Amino acid sequence: MGASAMESPEIQRRNLTGEILAWVLSVLVSLICLIVGFILSQITPIYRDLFKRLGVELPLTTRFLIANYFWLYPLLFRGLAFLAIAKEFWVRGTRRRLSFSGIILLAAILSVGLDRFIMYLPLFDFVQKLSRAK
42 MGASAMESPE
52 IQRRNLTGEI
62 LAWVLSVLVS
72 LICLIVGFIL
82 SQITPIYRDL
92 FKRLGVELPL
102 TTRFLIANYF
112 WLYPLLFRGL
122 AFLAIAKEFW
132 VRGTRRRLSF
142 SGIILLAAIL
152 SVGLDRFIMY
162 LPLFDFVQKL
172 SRAK
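Going by my numbering, the sequence shown runs without a break in its numbering and finishes at 175.
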């Protein structure tokens with residue numbers, strides 16, 4: 042008899058619930074990554090045009106992000122979305138899979154935070170110059 046056949050129905054049900062939860066969370070994290078990547082790719086050109094109209098000098102990080110967002114966002118966020126699903130096949134153990142989903146979601150959130158910080162850097166400088174001009 043296999044180990045799973047010797048488990049009680051309660052343990053089998055709990056294991057199945059954990060498996061389902063891991064998959065649902067993986068799909069949810071994957072969708073979040075895809076949606077966030079899409080939204081950022083739509084917002085970045087707006088910032089690019091705003092900075093151009095304001096004539097502000099952009100820091101290197103902001104220039105890099107604006108110049109490369111069209112390939113950088115898909116690579117990062119589609120990669121995270123792929124990883125969220127692929128780890129379901131590579132990682133063993135429900136707890137580890139749930140933990141990896143949390144790590145992937147955290148990576149996506151931190152990426153958005155870093156992106157927003159980089160995009161706001163020129164605005165901070167612009168506001169600082171305006172306040173000095175008064």
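Ideal Cβ placement from N, Cα and C applies to all residues, glycine included. None of the values given here were measured: they were computed from a predicted structure.
- Contact between Phe118 and Leu75 holds, since their C-beta atoms are separated by about 6 Å, short of 8 Å.
- Using a C-beta cut-off of 8 Å, the region 125-144 makes contact with the region 53-64, since at least three inter-stretch Cβ pairs fall below that distance.
- By the C-beta density criterion, Ile159 is buried, having at least 16 other C-beta atoms within 10 angstroms.
- Around the beta carbon of Pro50, a 10 Å sphere encloses fewer than 16 other beta carbons of the protein chains shown; the residue is thus reported as exposed.
- Apart from sequence neighbours up to five positions away, the residues of its chain that approach Ile145 with a beta-carbon distance below 8 Å are Val70, Cys74, Leu121, Leu124, Ala125, Lys128, ordered along the chain.
- For Gly59, the uninterrupted alpha helix (DSSP H) run begins and ends at 50-95, by DSSP.
- Taking the CA atoms as reference points, Lys93 sits about 15 Å from Asp166.
- A direct Cα-to-Cα measurement between Trp131 and Val68 gives close to 15 Å.
- Under the DSSP assignment, Leu117 falls outside any alpha helix (DSSP H); it carries neither an H nor an E label.
- In this structure, the alpha-carbon of Ser140 lies about 16 Å from that of Leu151.
- Taking C-alpha positions only, Ile52 is separated from Gly59 by approximately 10 Å.
- In this structure, the beta-carbon distance from Pro163 to Val97 falls below 7 Å.
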